[in-house]
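The numbering used here numbers the first residue of the sequence shown as -1 and each following residue consecutively.
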Amino acid sequence: MIRAGIKGTGLYIPPFVVTNEDLSKMVDTSDEWITSRTGIKERRILIEGDASDMGTEAALNVLRNSNVKAEEIDMIIVSTLTPDMFTPSCACIVQKNIGAVNASAFDINAACSGFLYALNIAESFIKSKKAKNILIVAVEVLSKIVNWEDRNTCVLFGDGAGAVMVSEESNKGIMSIYTKSYGDKGDSLTCKALGLNNPFVRHKQENIKSFVSMDGKEVFRFATSAMVEAIEKVVQDAELNISDISKVIPHQANYRIIEYASKKLGLDMDKFYINLYKYGNTSCASIPIALHEAVSEGAIKEGDNVVLVGFGGGLTCGATIIRW
Ligand code: COA
């Protein structure tokens, strides 16, 4: 049976560090508040360049780690809600930069769950033999859309890029994958796009600012239940038990959300890989960044059952279980 597996991982983390202490000089907050509510100590912010530059670096990193040549890539999917421009897509810019001349390339947006949505698409193409090698890049420059005067949100987010090569496997790879959206709950986490701006509009709209706005408590409630539900679903679909999970790579939004899921599932906290203290919430990039670090540190071994799970704007959620 053909399965889709992850042949290699990669990342790019911008070097500029912003600590909780730095933020406490900009808004009314403190290291104690941020650490106790979220677990985040610092985040990285992109100072020069754009999403495609970080995405290109992460893609080059994957090419080196997966032993796949750029010309052998059939498809490039970039997950982002902060692309360089509306068109060309971030994926087409990455394609040009890495010389993946045989690929079709496009962007998707499922906010923080975007990496899992991209993986779901990639799995379908691999299993139906329409593609052999698919590059997924998940990249965010959230610093562009964060209101740096709003303490409710600016302490939570960071910039970064993670990437994977998805290729054909036989005895390992994705055993089950699940994505789900709750459009009716979308108002609890928003960022407006451009408004109408043409000479025929009678009442000119206010100058719309693209800032993240969030009902933190509502999103927290959703995240905890969605994470548990998504993990239970993929484990059941793979005909496994929760105790069969070797490692969980969760979306890195908040330590307390992960702790809640751990208790609810009866799965020890040491099964969850956590790096949010150093990068904050990098939206869809957080899972592939954490996956790359977990693999590099030897926290994931061959034969492990690895769960990836995420949730975010939309609202959306998703999970997968992969035999490594
Ligand atoms: N520093 C200090 N105080 C802050 C603050 C900050 N950075 N941000 C908010 N506050 C204040 C609020 O103004 C509020 O004050 P008030 O009670 O006087 O109105 C108070 O802290 C709220 O505190 P609390 O109820 O303890 O917050 P919380 O436990 O709900 O934690 C979040 C807030 C945002 C950390 C939490 O709701 C959360 O993590 N939600 C999920 C967010 C998320 O992960 N989003 C992305 C999903 S992909």
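No residue lacks a Cβ here, since even glycine has one placed at the ideal position from N, Cα and C.
Return the CA-CA distance between residue i and residue j, expressed in angstroms with no decimal places.
i    : j    : result
E291 : K207 : 35 Å
I71  : S111 : 23 Å
P81  : A283 : 13 Å
R254 : N196 : 45 Å
A57  : I143 : 24 Å
N18  : R35  : 12 Å
N30  : F84  : Rather than Asn, the amino acid found at residue 30 in this sequence is Glu. Near 39 Å, if we compare the C-alpha coordinates of F84 and E30.
V66  : I134 : 13 Å
E167 : G6   : 12 Å
K269 : I106 : 30 Å
Y115 : K23  : 37 Å
G332 : K94  : Outside the displayed range of the chain (-1 to 322) lies residue 332, so it cannot be described from this structure.
A228 : T177 : 8 Å
Using CA coordinates, which residue listed in the options is at the minimum distance from residue i?
i    : options                : result
S223 : L58, V210, K261        : K261
E121 : A2, G6, S64            : A2
N150 : Y10, V217, V233        : V217
T314 : L187, D266, M267       : L187
Y275 : L154, S126, V92        : L154
R42  : V137, E295, I243       : V137
E147 : M(-1), Y271, D26, V307 : D26
E46  : W31, E69, P13          : P13
S28  : Y10, I11, K128, C152   : C152
I4   : G97, N63, L265, G214   : N63
K170 : A236, A49, Q250, K127  : A236
K127 : S294, I11, A251, S165  : S165
Confirm, please, whether the CB-CB distance from residue j to residue i is below 9 Å.
i    : j    : result
N118 : I38  : no
A317 : K183 : no
L21  : S281 : no
A259 : M225 : yes
I285 : N303 : no
S77  : A108 : yes
A159 : M52  : yes
I256 : I272 : yes
G308 : P248 : yes
V92  : I74  : yes
L289 : L265 : no
G278 : E69  : no
So is residue i buried or exposed if we call it buried at 16+ other beta carbons inside 10 Å?
i    : result
K245 : buried
V199 : exposed
M163 : buried
G156 : buried
N131 : buried
G296 : exposed
E55  : buried
G97  : exposed
Within the present structure, is the beta-carbon of residue i separated from the nearest heavy atom of the ligand COA by less than 8 Å?
i    : result
A109 : yes
V153 : yes
M212 : yes
A251 : yes
I255 : yes
D26  : yes
V217 : yes
L187 : yes
F113 : no
R35  : yes
F309 : yes
R149 : yes
A361 : As displayed, the chain neither begins before -1 nor continues past 322, which places residue 361 out of reach and without an answer.
S122 : no
S281 : yes
I32  : yes
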